[in-house]
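J.:
Number of protein chains: 2
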Amino acid sequence: MLCSKALNEGFPMVRKSASGRIGIADVAIKAGVSHATVSRVMNGNFTVDPEIAARVRAAAAELKYQPNPVGRSLALGKTDTIGIVVPDLANPTFQAILRGLSRAAAQDGYRVLIADSFEVSSEETILAGEARRRCDGLVLCAPRMSDAELEEIAPSLHPLVLINRTTSAPGVPSLVVDYGQGVQDIAGHLVELGHTRLAFLAGPPRSASNGMRLKGLETFKAAHLEVEVTMLEGGSDFDTGHEAVDAVLASGATGILAFNDLVAMGLMSGLHERGLDVPGDISVTGFDDIPFAKYTTPALTTAAVPITELGEQAWHQLRALIRKEGNEAPGSSYQPRLEVRASTGPAKAPRSTVHG
Amino acid sequence: MLCSKALNEGFPMVRKSASGRIGIADVAIKAGVSHATVSRVMNGNFTVDPEIAARVRAAAAELKYQPNPVGRSLALGKTDTIGIVVPDLANPTFQAILRGLSRAAAQDGYRVLIADSFEVSSEETILAGEARRRCDGLVLCAPRMSDAELEEIAPSLHPLVLINRTTSAPGVPSLVVDYGQGVQDIAGHLVELGHTRLAFLAGPPRSASNGMRLKGLETFKAAHLEVEVTMLEGGSDFDTGHEAVDAVLASGATGILAFNDLVAMGLMSGLHERGLDVPGDISVTGFDDIPFAKYTTPALTTAAVPITELGEQAWHQLRALIRKEGNEAPGSSYQPRLEVRASTGPAKAPRSTVHG
DNA sequence: GCGAACTGAGAAAACGCTTTCTGGTGCGGT
DNA sequence: ACCGCACCAGAAAGCGTTTTCTCAGTTCGC
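If you read the protein sequences in the order shown, they are chains F and Z. The opening residue of the first sequence carries number 852 in this note's numbering; numbering runs sequentially from there. The opening residue of the second sequence carries number 852 in this note's numbering; numbering runs sequentially from there.
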């Protein structure tokens, strides 16, 4: 008590650079003008006498003054920051989206704040809310939460853009890859090569993109009754593929559609260890066309998704929302492009069905 | 003029939720208490009558009130956010660091803001400054800027931790991987296998970790005069390795130390296309032990770096700095672990030197 | 030569929160 | 019964900006 009082007496309202960091006030004092004028100069407001402006600029330079972004944010009501929530930062797909988003946003002077939900869907809601409050907008990447929950929180997250997920909440653009068409293209490719027994090594159950693939395969099966398609449980990483070898062999399939490139690579590796030849014995396909896919042995047949571009587009959509351009949130769909490489080849010996 | 005046008269200082978003004031009004009390309740201050606290909590819940982090940040002088600057977000190494950092920081309630300098060193200084001002601390990842510049800006960036780079500026912990020892281990492994002609496929010239590798190789050469080591220019990605095939073959080396796993994979892919066998004809090694390394064909011999852990440790160091624990910024060095897999084998035919 | 319009800069309010300061109430001690 | 102390909640002062408001000093027009 006494102490603090004594201190205050010794230091009567001087404060100056109390926080240690120099602020607008210091510049104002040094230049002999008011805070307001300094602010005007720093923001390029031309209603300031050029001579005074020069003096302020000199003072600012000398003190190496840089405006405090937090103060600015509070006054301006914007942070020049956007947030992105991803289910798993270790996943190359989300890394690529993040990269595209970050690059595009940076070009407009925005930074990105990341939030990794580690695939636990209950965290997503909280993370999204927190991130949104600190930012001017949010990108929700393949959220694992339920449709109902997504729809419920969407309004409070606006401006919001969704990647690989849709919602009926209004004003929320969605950027989705047409995984359904992609798997159909891949399956078609395998059938053309003579495969009649296919297997799909599925992804994370809660993943919407996995759902889209499953739906695509249903469509495919309906159109190709002669083809047998086995569904196998899986995941989204290497190890999933590696551990699925037994299940894959047990299925008797000769053409394997892996959930994504990672799973395909794990699977190929496992098959190789068993002494099986790809594509001699079994054809394997991936999805995404991650950079590595070109360089596996054999090079992986896959469906290329312009994933970095997706991140970039996400920023453009979000920017439009932030700027309140009444673009009615179009959203868009991306068609994967079949990329035939060396991991697929003619079926070895059709076992269950005889053609021609 | 007249308009605005009329407006003000009609709306005399009501404001309420001017920003559209509900604030502490709304809760205060609803609960019939002051802002201060709401703040106290929200922050778990127990000097509030339980009954009033309950009323406030009810009001907050009903209005779905969430404190505005920007206002909080300004008042508290902290943002609960840290920044990380990386030279290239596409590089798996930096992705892994980011992941480790993000995960560790999240556990302490901190978020991370990313800044990608795209390998242009002049951007780094600006990005670092901007990021730092928005955050409570900064991680500078393998900065490409000069030692002088780094030392100059380091004080203004404090709390700061460096990854794979050191500086003489005080109070800046450094987390470095001992790449020098790593390449020596790898080179030693190749020599044990009988290789006497090695080649090093270098990384980005400005990369400090590349410098450490070069230094390590110098040490190695001094200790193994019988071994010839060719230096080849390179980079840090797949394509670098893929395009280096000619240079590698021209060198006549039988053991190739690639800058990292990516380069090694690209190289193996290129060699495979030329019909060369790894490790039959040429042994190839990588560095980092990225997740993919286990799954290449042949599986890649490499030096494993606990890179995610590095990101994690970076957070712990930064946290200590933020909390002003006087830990005198120890920093630490990580030893890579040689991971022998299938991409290295006995030298085919020692050409220039004959042993025992 | 005087009022109106204009210019430019300072004063002050606002942004949304935390925290110190202040003051009223109720209690216990003497 | 009175003084003092502890308690608790409101008032207000920050935090570092931007921006509106205000007002003094000019300039212009008539």
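Think of the CB as a built atom: it goes at the ideal place given N, C-alpha and C, for glycine as much as any other residue. All of these numbers come straight from a predicted model, not from anything done at the bench.
Among 1190(Z), 877(Z), 1103(Z), 881(Z), which one has its Cα closest to the Cα of residue 1039(Z)?
T.: Counted from its first residue, the second sequence places residue 1039(Z) at position 188. Considering only alpha carbons, the answer is 1190(Z).
J.: Relative to the C-alpha of residue 1042(Z), which candidate in 952(Z), 894(Z), 1068(Z), 913(Z) has its C-alpha closest?
T.: Mapped onto the second sequence, residue 1042(Z) falls at position 191. The residue with the shortest Cα to Cα distance from residue 1042(Z) is 1068(Z).
J.: What are the boundary residues of the beta strand (DSSP E) that residue 1080(Z) is part of?
T.: By one-based count along the second sequence, residue 1080(Z) stands at place 229. Counting along the chain, the beta strand (DSSP E) containing residue 1080(Z) begins and ends at 1079–1083.
J.: Hey, how far is the Cα of residue 1036(F) from the Cα of residue 1125(Z)?
T.: Walking along the first sequence from the start, residue 1036(F) turns up at place 185. Walking along the second sequence from the start, residue 1125(Z) turns up at place 274. Using only the alpha carbons, I get a separation of about 31 Å.
J.: What number of angstroms, rounded off, separates the C-alpha of residue 1195(Z) from the C-alpha of residue 1152(Z)?
T.: By one-based count along the second sequence, residue 1195(Z) stands at place 344. By one-based count along the second sequence, residue 1152(Z) stands at place 301. Whole-angstrom Cα-Cα distance: 6 Å.
J.: Would you kindly work out how many angstroms separate the C-alpha atoms of residue 1171(F) and residue 908(F), rounded to a whole number?
T.: The residue labelled residue 1171(F) in the question sits at position 320 within the first sequence. The residue labelled residue 908(F) in the question sits at position 57 within the first sequence. So the alpha carbons of these two residues sit roughly 34 Å apart.
J.: Please confirm whether residue 1071(Z) and residue 1110(Z) have their CB atoms less than 8 Å apart.
T.: Counted from its first residue, the second sequence places residue 1071(Z) at position 220. Counted from its first residue, the second sequence places residue 1110(Z) at position 259. Cβ atoms of residue 1071(Z) and residue 1110(Z): not closer than 8 Å.
J.: Just to confirm, is the Cβ distance from residue 1113(Z) to residue 1135(Z) under 8 Å?
T.: Position 262 of the second sequence, counted from the first residue, corresponds to residue 1113(Z). Position 284 of the second sequence, counted from the first residue, corresponds to residue 1135(Z). Going by C-beta atoms, residue 1113(Z) is not nearer than 8 Å to residue 1135(Z).
J.: What residue ranges within the segment 1127–1202 of chain Z form continuous alpha helix (DSSP H) runs of no fewer than 4 residues, ordered along the chain?
T.: Those alpha helix (DSSP H) runs which fall completely within the segment 1127–1202 of chain Z and span 4+ residues are 1158–1173.
J.: Mind checking residue 1116(Z): buried by the 16 CB within 10 Å criterion, or exposed?
T.: Counted from its first residue, the second sequence places residue 1116(Z) at position 265. Buried: at least 16 other Cβ atoms inside 10 Å.
J.: What in chain Z is Cβ-close to residue 965(F), meaning under 7 Å?
T.: On the first sequence, position 114 is the one that residue 965(F) refers to. Under the 7 Å cutoff, chain Z gives 953, 963, 965.
J.: Within this structure, are the beta carbons of residue 979(F) and residue 964(F) separated by less than 8 Å?
T.: Stepping through the first sequence from its first residue, residue 979(F) is reached at position 128. Stepping through the first sequence from its first residue, residue 964(F) is reached at position 113. No, Cβ-Cβ distance for residue 979(F) and residue 964(F) is not below 8 Å.
J.: At which residue ranges does the segment 956–981 of chain Z contain complete beta strand (DSSP E) runs of 3 or more residues, listed in the order of the chain?
T.: Counting only runs of 3 or more, we get 962–967.
J.: What first and last residue would you give for the beta strand (DSSP E) that runs through residue 1243(Z)?
T.: Because chain Z here runs from 852 to 1207, residue 1243(Z) falls outside it and cannot be looked at.
J.: Looking at the secondary structure, which residues open and close the beta strand (DSSP E) in which residue 1106(Z) lies?
T.: By one-based count along the second sequence, residue 1106(Z) stands at place 255. Unbroken beta strand (DSSP E) run through residue 1106(Z): 1106–1109.
J.: Measuring alpha carbon to alpha carbon, tell me which of 1105(Z), 932(Z), 1033(Z) ends up nearest residue 986(Z).
T.: Position 135 of the second sequence, counting from 1, holds the residue named residue 986(Z). With distances taken between Cα atoms, residue 986(Z) lies closest to 932(Z).
J.: What did DSSP end up calling residue 856(Z) once you bin it into helix, strand or coil?
T.: Along the second sequence, read from residue 1 onward, the residue named residue 856(Z) stands at position 5. Residue placement at residue 856(Z) cannot be trusted, given a pLDDT of 35 that sits under 50; the coordinates are not used to answer.
J.: Leaving aside the five residues before and after residue 1155(Z) along the sequence, list all residues of the same chain whose C-beta is less than 7 Å from its C-beta, in chain order.
T.: Numbered from its first residue, the second sequence carries residue 1155(Z) at position 304. 1140, 1187, 1188, 1190, listed in sequence order.
J.: State the start and end residues of the unbroken alpha helix (DSSP H) segment that holds residue 993(F).
T.: Within the first sequence, residue 993(F) is the residue found at index 142, counting from 1. Note, residue 993(F): premise wrong, no alpha helix (DSSP H); not H, not E.
J.: Since residue 941(Z) meets chain F, which of its residues come closer than 7 Å, beta carbon to beta carbon?
T.: On the second sequence, residue 941(Z) is found 90 positions in, with the first residue counted as 1. In chain order: 950.
J.: So which residues of chain F does residue 920(Z) contact, with C-beta pairs closer than 7 Å?
T.: The residue given as residue 920(Z) occupies position 69 in the second sequence. Going along chain F in sequence order, the residues near residue 920(Z) (Cβ under 7 Å) are 984, 985.
J.: Can you find a C-beta in chain Z that's less than 8 Å from the C-beta of residue 1192(F)?
T.: In the first sequence, counting from the first residue as 1, residue 1192(F) sits at position 341. No - not a single Cβ of chain Z is within 8 Å of the one on residue 1192(F).
J.: Hey, how far is the Cα of residue 869(F) from the Cα of residue 928(Z)?
T.: Position 18 of the first sequence holds residue 869(F). Position 77 of the second sequence holds residue 928(Z). In this predicted model, residue 869(F) has a pLDDT of only 47, less than 50, meaning its place in the structure is not dependable; the value taken from the coordinates is given anyway. One C-alpha to the other measures close to 11 Å.
J.: Taking the beta strand (DSSP E) that residue 1050(Z) falls in, what are its first and last residues?
T.: The residue labelled residue 1050(Z) in the question sits at position 199 within the second sequence. Residues 1048–1052.
J.: Compare the beta carbon distance of residue 1052(F) and residue 953(Z) with 8 Å and say whether it is the shorter of the two.
T.: As a working mapping, residue 1052(F) is identified with position 201 in the first sequence. As a working mapping, residue 953(Z) is identified with position 102 in the second sequence. Contact flag unset, no.
J.: State the DSSP-derived secondary structure class of residue 885(Z), mapped to helix, strand or coil.
T.: On the second sequence, residue 885(Z) is found 34 positions in, with the first residue counted as 1. Residue state, collapsed to three classes: coil.
J.: Might you give, ordered along the chain, the residues of its own chain that have their beta carbon closer than 6 Å to the beta carbon of residue 1206(F), omitting 5 neighbours on each side?
T.: Working through the first sequence from its first residue, we reach residue 1206(F) at position 355. Confidence is the limiting factor: at residue 1206(F) the pLDDT is only 46, short of 50, which leaves the residue's position unreliable and the question unanswerable from this model.
J.: Determine whether the Cβ of residue 924(F) lies closer than 8 Å to any Cβ atom of chain Z.
T.: Start at 1 with the first residue of the first sequence, and residue 924(F) comes out as number 73. It does; some Cβ of chain Z falls within 8 Å.
J.: For residue 893(F), which residues in chain Z fall below 8 Å Cβ to Cβ?
T.: Walking along the first sequence from the start, residue 893(F) turns up at place 42. Within chain Z, no residue comes near residue 893(F); the closest Cβ sits about 14 Å away, beyond 8 Å.
J.: Going by alpha carbons, who is nearest to residue 1159(Z) out of 948(Z), 959(Z), 1147(Z)?
T.: Walking along the second sequence from the start, residue 1159(Z) turns up at place 308. When each option's Cα is compared against that of residue 1159(Z), the closest is 948(Z).
J.: Could you name the residues of the same chain whose beta carbon sits closer than 6 Å to that of residue 919(Z), not counting the 5 residues immediately before and after it, in chain order?
T.: Reading the second sequence from its first residue, position 68 is the one you call residue 919(Z). Within the same chain, residue 919(Z) has no close Cβ partners at all.
J.: If we count Cβ pairs, one from each stretch, closer than 8 Å, do we get three or more for the segment 992–1001 of chain Z versus the segment 969–976 of chain Z?
T.: In short, these stretches touch, since the Cβ pair count reaches three.
J.: Hey, is residue 993(F) close to the ligand PLP, as in C-beta under 7 Å from one of its heavy atoms?
T.: Absence of the ligand PLP is noted for the structure shown, with no ligands found whatsoever.
J.: With DSSP as the reference, label residue 1037(F) as helix, strand or coil.
T.: In the first sequence, counting from the first residue as 1, residue 1037(F) sits at position 186. DSSP places residue 1037(F) in helix when its eight states are reduced to three.
J.: Listed in chain order, which residues of the segment 1115–1131 of chain Z have Cβ atoms closer than 7 Å to some Cβ of chain F?
T.: Hits within the stretch, in order: 1116, 1117, 1120, 1123.
J.: Where does residue 899(F) fall in DSSP's three states?
T.: As a first step, residue 899(F) is located in the first sequence; it is residue number 48 there, counting from the start. Here residue 899(F) sits in coil by DSSP.
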